[in-house]
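K.L.:
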Amino acid sequence: MDSDGTQDARGTHATPVPRPAVPPEVPAVPPRPTRAPDSSAFLTWLRAPRPEAAPGVWRFGHVPRPDEEPEQIPARQLLSGALVAFLVGWLVWSLLWNGYLGGWWVLPVELLVPDSWRRNGDAGNVILWYGYYAVIILGILVAVGRLGRWGEVWRRYGPPAWRRAAPAPERPPAPEQDPASWPALRAAGAADAAERLAADARSGVMRDVDYARITRAWQGVRSGRHDLATFSGAVLREGAAACLHPSGERDLPARTARHDLVTGQVRLGTTAEDPRNPYAYRGAGLGLGPDLLGTSLLAVGPAGSGKTGTVVRPLAESLCLHALAGRAAVVVVGAAGAGLGPADAYDVVVRIGNPDSVHDLDLYGGTGDPDEAAAVLAEALVGDLADAHPGSDSRRSTTVLAQLLGPFRAVHDRFPSVPELRQLLDGAPGALGVLRTALEGSGQESLLRELDARERQSGHPGDVSAVLADRLALLDRPAFAGFFDTSGQSRPFSLKALDHPVRVRIDLPARGHAEASRMLARLVLAQFTASIAVREDRSLFACLVLDDATGVVTPEAVRGIQRLRSGNAGAVLTLRTLDDVPRPLRGPLLGSTGCRMALAGVTPWDGQDFAEVWGKEWTEARDVTDRQIIAETPAGKAVHALRRVITGKAPTARAVTVRQVERERWSASELAHGVPPGHAVLSLTSVQGEHAPPLLVNLRG
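Counting in the UniProt record's numbering, the sequence shown runs from 1 upward without gaps.
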């Protein structure tokens, strides 16, 4: 075994993982570095603490905080109170020592100690009296120390604070607790393999992707999918380069974000020090991983708010690293030139409309079932036309397409190309006649009946074939002449390959073909949700990243997104505004995604939808009332006049009323006008059901 199923040929799959046109030659042993490798950075990263934390907290090096904010006394008030308490204690001792308070404080000694002890001038007498003075001084110090909060001053500014600021010297962990020693492998009897990996870690040959990839392969051994002896042999031969991804790559060409492949998180920013954020989140890093993306993410913000640069690209980069580690399969869809990462970071790059594209897109999703192909294609063609054309819903369109796709496949052993399907939908007599002639005498009367029904319905009021043909004409353009080929002459990519850790980028021809791009985006989303429902290896996290979901959200798409969570999959969708979604679907869309993000600059009506889905919470409201104090005596009036001269204000008495009220977590006005540039408000839900309230996050932090 050389991989965790990531490189082995799987005979059960009809569509293997697409490989690059020229597979890179990967040596069995990593090449020797030109200079001595530095293992300290990798070992420091691997041994860093990653405590359990609330959803969305960047766990790498995180220092947990209490859930509630402790009552913090202002520094000026704390220090001045401590000084005043000290002066009060000094004054009390001075008065006692000088006798201004009388001699009562020496009465305990006078009453309890014999005269011979008190009046004898020997050393015992000196010790007695000075010991008594020390007890009095100690009592005064304890009293004024409590009064002046000296303990808080010590903890905040004394040696305890110095020890917190100065990092403790790091000690290598014990071998049974050191992840770089691979204790799980040693405990399972693979000590030789563990020693080889530990040596590669100490020498600086191992990387974070290698660690994650081999850990994933070891999980396959523990689950019984792979053999321990085969795994150990691969590790002994290749060390940190064992269990390679099918592409042979061990890292991405370049990284733009911070990643932690132990926890699976990518850091998107920092939670702001804002009173509206829970205290435990303030100042903590924001990290997202498959445990949160498995509930899907919807990000809404105007152009220039940072959706692509600060959200989509880091997430796509993280998922590509997970794919190299054998943990995930990712499909990234966006306009050409949208900045979704270099082509070298992907196994397959489909540039629709670009004649230089190596790969094509399978129009029918790699399925051989005409009914399944018809359902997916109908969703792409007319899924967004339910309001404009009430008769062109996906179910009727699926029936029309199935009536044509089934007979055509039975005759040609393939599905029709775009021009051929358009002719059939137009009801061209020549195309339907040729198809009928080929079916006659083949013994497939059921398919003939399908074709007869299609001919009877063609041209009747309410027939949707004309609408389907018009929408399909958007793909029957010269720019797409070399694409969507079904004759086997091209290299089509099918989303059936999501059983493998594949990295795919699909560039849509947004310029000049905006409507076709939206149609293709719906097609990819429909194929993705359909393939997730039937894929075999659900231990592999699958994610679809749509950089612009305008025109993509349909009733069937919302239902498909709701089903992704049960298939260990998720989707990342971005929108410029919720107005790009039909009004009846905005609530269901926000409800079907567990992670919701409103970036700076959203409109008030978009903010209203977010405010409704985030709901309300009970909070403490404080009403402060200032009432002027009226002096009745001449002395009081003089004092009030003096205070008015000094402060410029009349003396007042303050009354504070505290009550519990129910308020929106974030109001529409706050979302529209209170989110600073480069920030966003984000709520999170994990696949385990844990929730994080709406958090104000600095995406540039």
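Every residue, glycine too, gets a C-beta built ideally from N, C-alpha and C. Given the structure is predicted, the values throughout are model-derived calculations rather than measurements.
Apply the 10 Å Cβ neighbour rule to residue 379 and answer buried if 16 or more other Cβ atoms are within range, or exposed otherwise.
P.N.:
As a first step, residue 379 is located in the sequence shown; it is residue number 379 there, counting from the start. Result: buried.
K.L.:
Do the CB positions of residue 702 and residue 585 come within less than 7 Å of each other?
P.N.:
Absent from the model: residue 702. The displayed extent of the chain is 1 to 701, so no value can be given.
K.L.:
Given a threshold of 16 other Cβ atoms within 10 Å of its Cβ, counted over all protein chains shown, does residue 215 qualify as buried or as exposed?
P.N.:
As a working mapping, residue 215 is identified with position 215 in the sequence shown. Answer is buried; the Cβ neighbour count reaches 16.
K.L.:
Rounding to the nearest angstrom, what Cα-Cα distance links residue 350 and residue 472 in this structure?
P.N.:
Position 350 of the sequence shown, counting from 1, holds the residue named residue 350. Position 472 of the sequence shown, counting from 1, holds the residue named residue 472. Near 20 Å, if we compare the C-alpha coordinates of residue 472 and residue 350.
K.L.:
Note the first and the last residue of the continuous alpha helix (DSSP H) segment covering residue 457.
P.N.:
Along the sequence shown, read from residue 1 onward, the residue named residue 457 stands at position 457. Note, residue 457: alpha helix (DSSP H), 445 to 457.
K.L.:
Taking the CB atoms as reference points, tell me whether residue 244 and residue 314 lie closer together than 7 Å.
P.N.:
Start at 1 with the first residue of the sequence shown, and residue 244 comes out as number 244. Start at 1 with the first residue of the sequence shown, and residue 314 comes out as number 314. No, these two residues do not count as a Cβ contact at 7 Å.
K.L.:
How long is the line joining the alpha carbons of residue 22 and residue 363, rounded to whole angstroms?
P.N.:
By one-based count along the sequence shown, residue 22 stands at place 22. By one-based count along the sequence shown, residue 363 stands at place 363. For residue 22, the predicted structure reports a pLDDT of 32, less than 50, and the residue's modelled location is therefore unreliable. The matter cannot be settled from this model.
K.L.:
Does at least one heavy atom of the ligand SAH sit under 6 Å from the Cβ of residue 485?
P.N.:
The ligand SAH is absent from the structure shown, which contains no ligands of any kind.
K.L.:
Name the residue from 412, 644, 593 and 352 whose alpha carbon lies nearest to the alpha carbon of residue 512.
P.N.:
Along the sequence shown, one-based indexing puts residue 512 at 512. When only C-alpha atoms are compared, the closest one is 352.
K.L.:
In its own chain, which residues sit with a C-beta less than 6 Å from the C-beta of residue 200, not counting the 5 before and 5 after it?
P.N.:
Working through the sequence shown from its first residue, we reach residue 200 at position 200. Result list for residue 200: 206, 239 and 240, in chain order.
K.L.:
Quick check on DSSP: helix, strand or coil for residue 250?
P.N.:
The residue you call residue 250 lines up with position 250 of the sequence shown. In the structure shown, residue 250 sits in coil (DSSP, three-state: anything other than H, G, I, E or B).
K.L.:
Taking 7 Å as the cut-off, decide whether the C-beta atoms of residue 194 and residue 186 are in contact.
P.N.:
Numbered from 1 along the sequence shown, position 194 holds the residue referred to as residue 194. Numbered from 1 along the sequence shown, position 186 holds the residue referred to as residue 186. Yes; because the gap between Cβ atoms is below 7 Å, this pair is in contact.
K.L.:
Within 10 Å of its beta-carbon, does residue 59 have 16 or more other beta-carbons around it, so buried, or fewer, so exposed?
P.N.:
Reading the sequence shown from its first residue, position 59 is the one you call residue 59. By the 10 Å Cβ count, residue 59 comes out buried.
K.L.:
Could you have a look at residue 433 and say whether DSSP puts it in helix, strand or coil?
P.N.:
Counting from one through the sequence shown, the residue named residue 433 turns up at place 433. Here residue 433 sits in helix by DSSP.
K.L.:
Is it buried or exposed for residue 73, if we count other Cβ within 10 angstroms and need 16 for buried?
P.N.:
Sequence index remark: in the sequence shown, residue 73 carries index 73 (1-based). Residue 73 comes out exposed.
K.L.:
Between the Cα of residue 427 and those of 446, 447 and 451, spot the shortest distance and give me the residue it belongs to.
P.N.:
Locating residue 427 in the sequence shown gives position 427, where the first residue counts as 1. Residue 427 has its Cα closest to that of 451, out of 446, 447 and 451.
K.L.:
Give me whichever residues DSSP pairs with residue 301 in a beta bridge.
P.N.:
Taking the first residue of the sequence shown as position 1, residue 301 is located at position 301. Residue 301 is not bridged to any residue.
K.L.:
Buried or exposed: residue 413, going by 16 or more other Cβ atoms within 10 Å of its Cβ?
P.N.:
Along the sequence shown, read from residue 1 onward, the residue named residue 413 stands at position 413. Residue 413 comes out exposed.
K.L.:
Which partner residues does residue 360 have in the DSSP bridge list?
P.N.:
Walking along the sequence shown from the start, residue 360 turns up at place 360. Answer by DSSP bridge pairing, in chain order: 492.
K.L.:
Can you find the residues in the same chain that come closer than 7 Å, C-beta to C-beta, to residue 636, ignoring five residues on each side of it along the sequence?
P.N.:
If you number the sequence shown from 1, residue 636 lands on position 636. So no residue of the chain qualifies.
K.L.:
Give every residue of the same chain whose Cβ lies closer than 6 Å to the Cβ of residue 631, excluding the five residues on either side of it in the sequence, and list them in chain order.
P.N.:
The count along the sequence shown starts at 1 and reaches residue 631 at position 631. Taken in chain order, the residues that qualify are 637 and 640.
K.L.:
Could you check the C-alpha separation between residue 479 and residue 516 for me, to the nearest Å?
P.N.:
If you number the sequence shown from 1, residue 479 lands on position 479. If you number the sequence shown from 1, residue 516 lands on position 516. For residue 479 and residue 516, the distance between alpha carbons rounds to 11 Å.
K.L.:
Please report the distance separating the alpha-carbon of residue 466 from that of residue 425.
P.N.:
Here the question's residue 466 lines up with position 466 in the sequence shown. Here the question's residue 425 lines up with position 425 in the sequence shown. The straight-line gap from Cα to Cα measures roughly 7 Å.
K.L.:
Alpha carbon to alpha carbon, what distance is there between residue 593 and residue 482?
P.N.:
For the purposes of this step, residue 482 is taken as residue 482 along the sequence shown, with counting starting at 1. For the purposes of this step, residue 593 is taken as residue 593 along the sequence shown, with counting starting at 1. Approximately 36 Å, taken between the alpha carbons.
K.L.:
Terminal residues of the continuous beta strand (DSSP E) containing residue 86?
P.N.:
As a first step, residue 86 is located in the sequence shown; it is residue number 86 there, counting from the start. Premise fails: residue 86 lies in the alpha helix (DSSP H), 75 to 97, not in any beta strand (DSSP E).
K.L.:
So, do the segment 320 to 337 and the segment 536 to 544 have three or more beta carbon pairs nearer to each other than 8 Å?
P.N.:
Yes: the two stretches touch, three or more of their Cβ pairs being nearer than 8 Å.
K.L.:
Are there 16 or more other CB atoms within 10 angstroms of the CB of residue 34, so buried, or fewer, so exposed?
P.N.:
Your numbering for residue 34 matches position 34 in the sequence shown. Here residue 34 scores only 38 on pLDDT, less than 50, and its place in the model should not be relied on; the value that follows carries that caveat. Exposed: under 16 other Cβ atoms inside 10 Å.
K.L.:
What do you get for residue 616, buried or exposed, if any count of 16 or more other CB atoms within 10 angstroms of its CB means buried?
P.N.:
Counting from one through the sequence shown, the residue named residue 616 turns up at place 616. With fewer than 16 Cβ atoms within 10 Å of its Cβ, residue 616 is classed as exposed.
K.L.:
So what does residue 618 bridge to, in DSSP terms?
P.N.:
Indexing the sequence shown from 1 puts residue 618 at position 618. Paired residues: 662.
K.L.:
Mind checking whether residue 629 and residue 655 have CB atoms under 7 Å apart?
P.N.:
Taking the sequence shown and counting its residues from 1, the one referred to as residue 629 is at position 629. Taking the sequence shown and counting its residues from 1, the one referred to as residue 655 is at position 655. Going by C-beta atoms, residue 629 is not nearer than 7 Å to residue 655.
K.L.:
Compute the distance between the beta-carbons of residue 305 and residue 259, then report whether it is under 7 Å.
P.N.:
The residue you call residue 305 lines up with position 305 of the sequence shown. The residue you call residue 259 lines up with position 259 of the sequence shown. No, these two residues do not count as a Cβ contact at 7 Å.
K.L.:
Going by CA-CA distance only, name the one from 564, 572, 580 and 569 that's closest to residue 723.
P.N.:
The shown model of the chain, from 1 to 701, leaves out residue 723, and the question about it has no answer.
K.L.:
Would you say residue 711 and residue 618 are within 7 Å of each other, going by their C-beta atoms?
P.N.:
Only positions 1 to 701 of the chain appear in this structure, which leaves residue 711 out of reach.
K.L.:
Extract the residue ranges of the alpha helix (DSSP H) inside the segment 263 to 334, only unbroken runs of 4 or more that lie entirely within it.
P.N.:
Correct list: 290 to 293 and 313 to 324.
K.L.:
Could you tell me the alpha carbon to alpha carbon distance between residue 289 and residue 266, rounded to whole angstroms?
P.N.:
Looking up residue 289 in the sequence shown gives position 289. Looking up residue 266 in the sequence shown gives position 266. The alpha-carbon atoms of residue 289 and residue 266 are separated by roughly 6 Å.
K.L.:
CA-CA distance, residue 142 and residue 133?
P.N.:
Residue numbering aside, residue 142 sits at position 142 when the sequence shown is read from its first letter. Residue numbering aside, residue 133 sits at position 133 when the sequence shown is read from its first letter. C-alpha separation (whole angstroms): 14 Å.
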